[in-house]
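Be aware that the sequence shown starts at 5, since it is given in the working numbering, and climbs by one per residue. We put the CB at the ideal spot given by N, CA and C, even for glycine. The next block holds one structure in the form of structure tokens; read it before the comments.
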Amino acid sequence: MPVPDEIKAYERPRCTEIHQVRGHYYVYKTTSVWDRERKRPRKKTLGCVGKIVPGRGFVASGPKAGPAAPAGAPVVREYGCWALFDGLNPGLREQLEEHLGELGVRACF
């Protein structure tokens, strides 16, 4: 099914194309790659960069890292190996601080 002209009229990034998936219009980044066998360029779709919402226009996709932590949520840090080393050698942190400096120790712990 062709994409309607009203959807094509919205502003979107260069080198992109619009695909309709289940009634929604998604914008995909494209590039061309040289095909040695056919001796001509071939289109390659790289991935979704956003979607077009009627009435709003182009909406960029957010980062794929997952949902953001709510404000005030505790920060979790892993320290398993360093907790073991520090338990086996209580002066380890001070010894490392002599050789690496305070910033070096912060990077380790």
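Exercise. Spatial neighbours of Y3 within its chain, please: CB distance less than 7 Å, with the 5 preceding and 5 following residues excluded, ordered by chain position.
Key: Look at the range of the chain in this structure, 5 to 113, and you will see that residue 3 is not part of it.
Practice problem: Would you give the residue range spanned by the beta strand (DSSP E) that E21 belongs to? | Solution: Note, E21: beta strand (DSSP E), T20 to V25.
Quiz item: In chain order, what residues of the same chain have a beta carbon less than 7 Å from the beta carbon of W38, not counting five sequence neighbours either side?
Solution: Within the same chain, W38 has close Cβ partners P45.
Quiz item: Can you tell which of C52, R26, G61 and G95 has its C-alpha closest to the C-alpha of A13?
Solution: Measuring from the Cα of A13, the nearest candidate turns out to be G61.
Self-check item: Contact set for G15: own chain, Cβ-Cβ below 8 Å, skip 5 residues either direction
Solution: According to the sequence displayed, residue 15 carries Glu and not Gly. These residues qualify, in order along the chain: G61 and F62.
Exercise. May I have the straight-line CA-CA distance separating L92 from E102, to the nearest angstrom?
Key: L92 and E102: Cα-Cα distance of roughly 19 Å.
Quiz item: For V53, which of D9, S65, R97 and T35 has the nearest alpha-carbon?
Solution: Of the listed residues, the one whose Cα sits closest to V53 is S65.
Self-check item: Residue burial classification, V79 (beta-carbon count within 10 angstroms, cutoff 16)
Solution: A residue is called buried when at least 16 other Cβ atoms come within 10 angstroms of its Cβ; V79 does not meet this threshold and is exposed.
Quiz item: Out of curiosity, what's the CA-to-CA distance linking G51 and G27?
Solution: When only Cα atoms are considered, G51 and G27 end up about 19 Å apart.
Exercise. Could you give the DSSP three-state label for A13: helix, strand or coil?
Key: Coil.
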